[in-house]
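Plus 340 on top of the position in the sequence shown (first one is 1) and you've got the working numbering.
Note that the Cβ used here is the ideal one computed from N, Cα and C, for glycine as well.
The structure displayed is predicted, hence computed values, not measured ones.
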Amino acid sequence: PVQILMSTWCKSEQIEFVGVSFFSPAYEPKARRLLDSCSTLGVCCKATMLSADFLGSSAPEGSSEFRFRMIAMKPSFLLDQLERTQQPVVFLDVDLEFHKFPELFLYDSWPDGPRDVALFNFWANKTNLTARHTPNIGSAVAYFNQTYRAKKLLAAWAEAMEYSTNAQAPDDQVLDTLLNEGGWLARVSLGWLPAAYLRLMPAFYRGVSAVIDHDRSTPPGLNGHSTVKPKLPPTVWEEPVADSTAPV
341 PVQILMSTWC
351 KSEQIEFVGV
361 SFFSPAYEPK
371 ARRLLDSCST
381 LGVCCKATML
391 SADFLGSSAP
401 EGSSEFRFRM
411 IAMKPSFLLD
421 QLERTQQPVV
431 FLDVDLEFHK
441 FPELFLYDSW
451 PDGPRDVALF
461 NFWANKTNLT
471 ARHTPNIGSA
481 VAYFNQTYRA
491 KKLLAAWAEA
501 MEYSTNAQAP
511 DDQVLDTLLN
521 EGGWLARVSL
531 GWLPAAYLRL
541 MPAFYRGVSA
551 VIDHDRSTPP
561 GLNGHSTVKP
571 KLPPTVWEEP
581 VADSTAPV
C-alpha cells in the first residue's frame, strides 16, 4: 500500500465490524469522502491506496487491464482484511457515502440470528418468490462475518476469479455463478441487504431513504461491465461442514 486511510472511529474499543476498501490514486477524493461519512456516523472504515503502477508497466492506472485485475483482487483482499482486522468486514466501493449508521452490519441485527454473509441482491425486492431468492448480486457492498463458512465462500470466490476464463469476468457475476450453479447458496447463511444499503441514483430507488449511496458518476444505461461470462473452475474435492456458525 502507498497509504492506509482510516476513519476516526477505528480507534474505538467498541468496533463490531470494519468497512474496507482499496483504490488507486485517481480515486483518493472519493475515498476521503467515504471516510468522512464514516467518521460522521460512527463507522470504522479503512481504505487502502495502491500505487498507480503496482501491476507493472503493462497495466498502468486507467487501463482496462488495471481495472480488471483490481476487480479480480476483491475476494482475496477481503480474506486478507478478515485476518488483519479480526472483525467482520464489509467491502465498500470507494464511491460510496454513508447517510445513516448501517445497523444490519451489527452481530445481533438480524431477527433469526447472525449471518455469515450479507449481500445486495437486485432481485430481492421482486414479488416473484423464485426471482426473490435468486442471487443477482451488486458487490459494491458485501458483508463477510468472522465465520468458517464466510471464509470458505471468499476462498471459492477468489479461486474462481483466478480461473483463466474469468480474468475479465465481472466479480459480482462470478459470485452469482458460485451461489447459483456452484451450490454455495445452500452452504452459507445469507442475508439480502435492503435497497437503502445501495441506493443507485438516478437509475434506481427514488424515494428510498438511503443508508448508503452509490455515486457511480456514470449516466444510466452506460455499459460499464465486461461482457465475459463467468465459468466455474472444476471442483477437485469437497469438505463437509458440521458446525458452520462458530467463529474461527
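Checklist line | Cα-Cα separation between serine 584 and serine 397, rounded to whole angstroms | finding: Any reading at serine 584 must be qualified, since the residue scores a pLDDT of 49, below 50, and its modelled position is unreliable; the value itself is stated next. Straight-line Cα distance between these residues: approximately 43 Å.
Check: Does the separation of the CB atoms of cysteine 378 and serine 352 fall below 8 Å?
Finding: no
Check: Any contact of the region 365-374 with the region 386-394, i.e. 3+ C-beta pairs under 8 Å?
Finding: yes
Notebook entry, point to check: Are the region 467-484 and the region 506-514 in contact at 8 Å, needing three or more beta carbon pairs?
Noted result: yes
Notebook entry, point to check: If you follow the beta strand (DSSP E) that threonine 388 is part of, which residue opens it and which one closes it?
Noted result: 385-389
Note to self: Pairs of beta-carbons, one from the region 447-454 and one from the region 467-474, closer than 8 Å: are there three or more?
What the structure shows: no
Notebook entry, point to check: So, are the CB atoms of proline 573 and glutamate 499 less than 8 Å apart?
Noted result: yes
Item checked: Backbone CA spacing between arginine 373 and lysine 569 [nearest angstrom] -> 33 Å
Note to self: I need the DSSP call for aspartate 433, collapsed to helix, strand or coil.
What the structure shows: coil
Next item on the list: Note down the Cα distance separating tryptophan 349 from valine 358, rounded to an integer number of angstroms.
Entry: 10 Å
Notebook entry, point to check: From the DSSP output, which residues share a beta bridge with glycine 531?
Noted result: Ala458
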